[in-house]
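Numbering (this note's numbering), first residue to last: 3 to 60.
Even for Gly, the Cβ is constructed at its ideal location relative to N, Cα and C.
Data block below; observations after.
Here it is in structure tokens:
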């Protein structure tokens, strides 16, 4: 699945922090595990974008 975002650096940083710190507690272990997996995949994609397109100082 391809998902595209048009994020500024602040939004990307906030989303990345959320991916790294959020711990689901839905009460459904399988659902929590799926959400953790999805957040980890999103985190990896965001980190890859940052590596490929580093923010340049203005």
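Close beta carbons around residue i, own chain, < 6 Å, minus the five adjacent residues each side
| i | result |
| --- | --- |
| residue 18 | 48 |
Simplified DSSP state of residue i, which is helix, strand or coil
| i | result |
| --- | --- |
| residue 4 | coil |
For residue i, the first and last residue of its enclosing alpha helix (DSSP H)
| i | result |
| --- | --- |
| residue 9 | Premise fails: residue 9 is in no alpha helix (DSSP H) and is neither H nor E. |
| residue 31 | 31-54 |
For residue j and residue i, the rounded distance between their alpha carbons
| i | j | result |
| --- | --- | --- |
| residue 34 | residue 12 | 27 Å |
| residue 29 | residue 46 | 26 Å |
| residue 56 | residue 27 | 34 Å |
| residue 20 | residue 41 | 9 Å |
| residue 2 | residue 25 | The chain is shown from 3 up to 60; residue 2 falls before or after that span and cannot be answered. |
| residue 54 | residue 36 | 27 Å |
Cβ-based neighbour list, residue i, same chain, cut-off 8 Å, excluding 5 preceding and 5 following
| i | result |
| --- | --- |
| residue 44 | 17, 21 |
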